[in-house]
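Chains as they are written, first to last, in our numbering: chain A, 243 to 614; chain B, 12 to 264.
C-beta: ideal position from N, C-alpha, C; glycine also.
Owing to the predicted nature of the structure, the values given are computational and were not obtained by experimental measurement.
Read through the structure below, which is laid out as structure tokens, and then see the notes.
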């Protein structure tokens, strides 16, 4: 506890915490649209494809400020999406195939470049290999300022384009007929996704950054049916996991931030899947149980009578599931059957329910009464 | 005196998918103020025709004119559009009211937000299609017929003079279908024009007053009484078409 308080007091670490939380907020918000547009895999391709750009930018300028590296990362990230588009439209290779190849090729080139520059004297302190799994502690104050500004710009763009993003995500064809420039907007969305990924690279790493984009949205979807709330919840989930990742990895220099962030995210997604108010499994089960009314014994008696007269002559039982379907409305018939057995009107053999003599005459009397 | 231009005029329209023609040399005129059904077998290019007019598909050749002007981006904005309901993901986190409001997103300038007039127009459209009680319902909880009505309401708030609808009655029960037809009739009474892909040959003559018979080529088009002939239907659907087992019911009255 004391270490933790000391930690919060530490000016540098507070910077790191702020930076990572902010990355989570931005990627959670924008990731909601990537998630709803089913572009999760595209996010993964882009983040892997940024690696060669990071190394190339470092080689070109011999500097490792985050702004410089971000330019290179965005460059190869966008190049990968453009190539996917070309392959998708100009060849008979399907889009997912194009994405798989782009991911492997760009990441492969990135790793190759990375191992090549390890032999350069300037590269030894650069710590570019930290970009693979991410290291929040490497953030310096000027980096954090860049993150805040660029991330803030992404959020402002998201707010200004809210309606456009919404209609293009829900129904792009309709948006086009209504006069929206869908091609430009979709390009804009991909560009925003690239920028969002790029600001998280150093902290979360190229391999796991796409989880930062998609997982908060997946968790948020379980809690709400409104887009605006979903974006807010996703921002919250992203921010909390980013902060948690920064704190945990700050305790040991050997702990990479990315994997910690992803573990926290996974936990939040799991909790949401079970407890999420709108779609969580627990609420789903509860609603299902409640909507299942308890069947009234007379109804069940009538249903059993109807089942038996449908099989006239062949006296046989019916399993509970069949009785339930005969009653209809997915009612719970177990209790009613127990009442009938108690009263000596029905009996069970090997899981099959049938009427007793008395039950049969009682069912007939009920049928006559209701028949008028 | 100059004749009023037709609501929609399609000239020499050819659309191909990988060198295979989906629509071949279509010449179609839709006069202002008619309810026209587009009928034809599966794969006849009915949806392609609608999408080409709406600028969603690139034709190989031909031109489209809307109220006498070439159908560019601005002109197409003036057409109300009801796409097939399966064209979107209904699991999107939004409400019925929100989807209908999208029909007015293109009103005014970049900075204009929805105002009271928009909200009233949306409410009125929801009432017209009998969906006011479900206005705040999450769209994933709708039945197929309700989804269809949401799309119709979204087109209504566009206040268009020409409506293009792709199977507006698909997945709709008989009662709802009747009430949706009443909505189309009201559009016609207001002088608007409707072109709708329709699947049911038995109801087509009762619901629509004009028809276009399509099977890659345009077989015939014109008033229901003349164009919807047994001869034209045979040519459109082929002799063995099961739909043709029942002769069409002529419009009552």
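- Message: Quick check: the region 453–464 of chain A against the region 508–523 of chain A, are at least 3 beta-carbon pairs closer than 8 Å?
- Response: yes
- Message: Between the alpha carbons of residue 345(A) and residue 185(B), how many angstroms are there, rounded?
- Response: Their Cα atoms are separated by approximately 51 Å.
- Which partner residues of residue 553(A) appear in the DSSP bridge assignment? Per DSSP, none; premise fails for residue 553(A).
- Item | chain B contact for residue 466(A) (CB, 8 Å cutoff) | yes
- Message: Just to confirm, is the Cβ distance from residue 396(A) to residue 272(A) under 8 Å?
- Response: yes
- Message: I need the straight-line Cα distance from residue 290(A) to residue 200(B), nearest angstrom please.
- Response: 59 Å
- Three-state class that DSSP yields for residue 530(A) in the structure shown: Looking at residue 530(A) - three-state DSSP - the assignment turns out to be helix.
- Task: Give a yes or no on whether 8 Å exceeds the smallest Cβ distance from residue 142(B) to chain A.
- Result: no
- Item | is_contact[residue 61(B), chain A] using C-beta, thresh 8 Å | no
- Task: Take residue 432(A) and list the residues in its own chain whose beta-carbon comes closer than 6 Å to its own, dropping the five residues that flank it on each side.
- Result: 323
- Might you give, ordered along the chain, the residues of its own chain that have their beta carbon closer than 8 Å to the beta carbon of residue 598(A), omitting 5 neighbours on each side? 586, 587, 588, 589
- Task: Mind reading off the beta-carbon distance from residue 153(B) to residue 111(B)? Whole number of angstroms is fine, and I expect it under 8 Å.
- Result: At roughly 12 Å, the Cβ-Cβ gap does not stay under 8 Å, so residue 153(B) and residue 111(B) are not in contact.
- Message: Taking the beta strand (DSSP E) that residue 372(A) belongs to, which residues open and close that run?
- Response: First-last for residue 372(A): 372–375, but that is the alpha helix (DSSP H), not the beta strand (DSSP E).
- Message: Can you check whether the C-beta of residue 419(A) is within less than 8 Å of a C-beta belonging to chain B?
- Response: yes
- Query: So which residues on chain A does residue 97(B) lean against when the C-beta distance must stay under 8 Å?
  - Reply: Correct list: empty, because the minimum Cβ distance to chain A is about 12 Å.
- Query: Which term fits residue 58(B), buried or exposed, when burial requires 16 or more other beta carbons within 10 angstroms of its beta carbon?
  - Reply: Around the beta carbon of residue 58(B), 16 or more other beta carbons sit within 10 angstroms, so the residue counts as buried.
- Task: Using the Cα positions of residue 567(A) and residue 520(A), report the straight-line distance between them to the nearest angstrom.
- Result: Roughly 28 Å between the two C-alpha positions.
- Taking Cβ positions only, does residue 416(A) come closer than 8 Å to chain B? yes
- Flag this pair as touching only if the region 437–457 of chain A and the region 372–382 of chain A have three or more C-beta atom pairs under 8 Å; answer yes or no. yes
- Item | Members of the region 325–354 of chain A near chain B, C-beta cut-off 9 Å | none
- How is residue 179(B) classed by DSSP in three states: helix, strand or coil? coil
- Identify, in the order they occur along the chain, each residue of the same chain with its Cβ nearer than 7 Å to the Cβ of residue 453(A), setting aside the five sequence neighbours on each side. 504, 507
- Message: Tell me the rounded alpha-carbon separation between residue 74(B) and residue 436(A).
- Response: 39 Å
- Query: Contact between the region 61–78 of chain B and the region 20–38 of chain B: three or more CB pairs below 8 Å?
  - Reply: yes
- Task: Would you mind working out which of 418(A), 332(A), 602(A), 276(A) sits nearest residue 438(A), comparing C-alpha positions?
- Result: 276(A)
- Message: What residue range does the alpha helix (DSSP H) around residue 405(A) cover?
- Response: 404–412
- Item | CB contact below 8 Å: residue 263(B) versus chain A | In this prediction, residue 263(B) has a pLDDT of 41, which is less than 50 and means its spatial position is unreliable; nothing more can be read from the coordinates.
- Task: Out of 580(A), 332(A), 412(A), point me to the one whose CA is closest to residue 595(A)'s CA.
- Result: 580(A)
- Item | Separation of residue 159(B) from residue 96(B), as counted between CA atoms | 6 Å
- Taking DSSP as the reference, what is the three-state secondary structure of residue 149(B)? Correct three-state label for residue 149(B): strand.
- Message: Using a 10 Å radius around the Cβ and a threshold of 16 neighbouring Cβ atoms, would you call residue 335(A) buried or exposed?
- Response: exposed
- Task: Tell me, to the nearest whole angstrom, how far the beta carbon of residue 225(B) is from that of residue 56(B); I am working on the premise that it is less than 8 Å.
- Result: For residue 225(B) against residue 56(B), the beta-carbon gap comes to about 6 Å, under 8 Å, which counts as contact.
- Item | Among 125(B), 236(B), 106(B), 242(B), nearest to residue 213(A) - alpha-carbon criterion | Outside the displayed range of chain A (243 to 614) lies residue 213(A), so it cannot be described from this structure.
- Close beta carbons around residue 181(B), own chain, < 6 Å, minus the five adjacent residues each side: none
- Message: Let me see if you follow: with CB-CB separation under 8 Å, is residue 105(B) close to chain C or not?
- Response: Of the protein chains in this structure, namely A and B, none is chain C.
- From residue 363(A) to residue 304(A), what does the alpha carbon distance come to, in whole angstroms? 11 Å
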